[in-house]
Amino acid sequence: NEQQPTAELRPPDAGQTDEQDLMPYEILDAIERAAIRDKHVPLEVFQVVAPRFPEYEAPLMAGWVERFFRLWSRNQWKRERYAPSFHLDDENLDPKTWCRFPILSGGFDRELAELRAYVASLSGE
């Protein structure tokens, strides 16, 4: 199969792919594990994940962490629509059996501001 994964929200001629719209899957997986499984706030996620991927600049990595948390909090209502299920794993996004997160939240605004301030201090801005 030569197709790249895509949610196909844009017309096919737009060439949308999930990895291009979000971030590299390897990074997405690392951020998700740190944020959801390990329950880290955005700054901690950045501090855990960034050293694992030194080929990416701090502002880019921080942008991906911020994007993850913004999309996560914005789309919780979609996860609430999952069918109930039984799990034997230690990592799962099912909000009914493992990963509880409120549909209405502050969207991590304060935590993301802390992340931006930290990254700015790294570059001396």
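In the numbering used here, the protein residues as written are 1056 to 1180.
Ideal placement from N, C-alpha and C gives every residue a C-beta, glycine not left out.
Since the structure is predicted, the reported quantities are computational estimates derived from the model, not experimental observations.
By the three-class DSSP mapping on this structure, what secondary structure does residue i have?
i: residue 1080; result: helix
i: residue 1118; result: helix
i: residue 1164; result: helix
i: residue 1181; result: Within the shown structure, residues of the chain are numbered from 1056 to 1180, placing residue 1181 beyond reach of any answer.
i: residue 1176; result: helix
i: residue 1096; result: coil
Take the Cβ of residue i as the centre, count every other Cβ of all protein chains shown within 10 Å, and call the residue buried at 16 or more, exposed below.
i: residue 1079; result: exposed
i: residue 1081; result: exposed
i: residue 1097; result: buried
i: residue 1170; result: buried
i: residue 1105; result: buried
i: residue 1089; result: buried
My understanding is that residue i touches residue j, with C-beta atoms under 8 Å, so please give their C-beta distance in whole angstroms.
i: residue 1086; j: residue 1120; result: 6 Å
i: residue 1125; j: residue 1179; result: Not a contact, Cβ separation roughly 26 Å.
i: residue 1113; j: residue 1177; result: 5 Å
i: residue 1116; j: residue 1123; result: At roughly 11 Å, the Cβ-Cβ gap does not stay under 8 Å, so residue 1116 and residue 1123 are not in contact.
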